[in-house]
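A.B. asks:
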Amino acid sequence: MITSAANARIKQVIQWQTKARERRKDGVFIAEGIKMFEEAPQESILEVYVAAGQIPLLRQTEQVWNKLEEVGFEEVSDDIFAKMSDTQTPQGILTVLRQPEYRLESMLDAENPLIVILENLQDPGNLGTILRTGEGAGITGVILSKQTVDIYNPKVIRATMGSVYRVPFVYVEDLQEVLEQMHQKGIHTYAAHLKGETYYDSFSFREPTAFLIGNEGNGLSDAISEVADSYLKIPMEGKVESLNAGVAAALLMYEAHRQRR
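Its first residue numbered 1105, the sequence shown is counted upward by one per residue in the numbering used here.
(1) Could you tell me the alpha carbon to alpha carbon distance between residue 1355 and residue 1111, rounded to whole angstroms?
(2) Given a cut-off of 9 angstroms on the beta-carbon distance, is the pair residue 1184 and residue 1107 in contact?
(3) If you measure between the beta carbons of residue 1269 and residue 1148, is that distance less than 9 angstroms?
(4) Please tell me whether residue 1337 and residue 1297 are closer than 9 angstroms, where the distance is taken between their beta carbons.
(5) Answer with buried or exposed for residue 1162, where buried requires no fewer than 16 other C-beta atoms within 10 angstroms of its C-beta.
(6) Provide the residue(s) that pair with residue 1200 in DSSP beta bridges, ordered along the chain.
(7) For residue 1133 and residue 1189, what's the separation of their Cα atoms in angstroms?
(8) For the beta strand (DSSP E) holding residue 1296, just list the boundary residues, first then last.
(9) Where residue 1175 and residue 1140 are concerned, what is the direct C-alpha to C-alpha distance, given to the nearest angstrom?
(10) Following the continuous beta strand (DSSP E) through residue 1180, name the residue where it begins and the one where it ends.
(11) When you compare each of 1224, 1265, 1238, 1153 to residue 1249 by their alpha carbons, which one comes out closest?
(12) Work out the CA separation of residue 1160 and residue 1247 for me, nearest whole Å.
(13) Considering only C-alpha positions, which residue in the set 1194, 1235, 1342 is nearest to residue 1358?
(14) For the beta strand (DSSP E) holding residue 1245, just list the boundary residues, first then last.
(15) Of the residues 1135, 1352, 1143, 1232, which one's Cα is nearest the Cα of residue 1201?
(16) What is the residue span of the beta strand (DSSP E) that residue 1314 lies within?
(17) Are the Cβ atoms of residue 1245 and residue 1211 separated by less than 9 angstroms?
(18) Mapping the DSSP letters down to three states, classify residue 1106 as helix, strand or coil.
(19) Does the structure place the stretch 1274-1283 close enough to the stretch 1319-1332 that three or more beta carbon pairs sit under 8 angstroms?
(20) Which ranges does the alpha helix (DSSP H) cover as unbroken runs of at least 4 residues, wholly within the stretch 1206-1266, from first to last along the chain?
(21) Please report the distance separating the alpha-carbon of residue 1310 from that of residue 1120.
(22) Check this for me: beta carbons of residue 1316 and residue 1295, under 9 angstroms apart or not?
(23) Taking its Cβ as the centre, do 16 or more other Cβ atoms sit within 10 Å of residue 1157, making it buried, or is it exposed?
(24) Counting only the same chain and skipping the five closest in sequence on each side, list residues whose C-beta sits under 7 angstroms from that of residue 1144.
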């Protein structure tokens, strides 16, 4: 059992928790909690740490305990686990995983793609919610600008509730270039924009579709929104001017799901 915060492995996990640069360098990310461990692809698991006080409870959950014994784990004292954890009330299990690799070309060439494009989103909860909702709505992928929050931020990972394991995503240097590729491949691009004059449920999303969602405070940049094929708007009553980015994305994704179903 590891009982010292000076242990090299513990120090490394803390670095991965707190620094995106370290995660990128080593190609790993961290998922906390029992559900995230249960759903983690076994072939991607590199290390597992379990708080000593949690072990009796985990032994009572046969499926979880069997998986723990199969992949192996390191027991850690409760106080050290608290230092490793990103949450105030740790669940006592922390999984280190290899970052998956997805290709933009595969995403664009998918059969009847339904893609969400995110420009400069900054809120981890929004990004995690969009991945989770996107899985439910059947999207085929998410494309993110380089300035968008790190998808492996612990808060994003928690908000995905496991969808980060299953929804393909790629960060790209140049969104405009990607939009041009989409046009060439017949993927229609829709910008959720205040200049939109047509309600979103007036469009057909049965064909290859991509939704563009902008930064929480500033929306889509002019350079990106001008490349979109169409602007669309979401009905607003009262004095509300715009919706949370995660909510707006959910409405669009589920309208596409409704039409395609």
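Idealized CB from N, CA, C, for every residue including glycine. All values reported here derive from a predicted model rather than from experimental measurement.
C.D. replies: Here's the rundown:
(1) 47 angstroms
(2) yes
(3) yes
(4) yes
(5) buried
(6) 1134, 1151
(7) 13 angstroms
(8) 1292-1296
(9) 14 angstroms
(10) 1178-1180
(11) 1224
(12) 42 angstroms
(13) 1235
(14) 1245-1249
(15) 1135
(16) 1313-1317
(17) yes
(18) strand
(19) yes
(20) 1208-1212, 1228-1241, 1258-1264
(21) 41 angstroms
(22) yes
(23) exposed
(24) 1135, 1199, 1201, 1269
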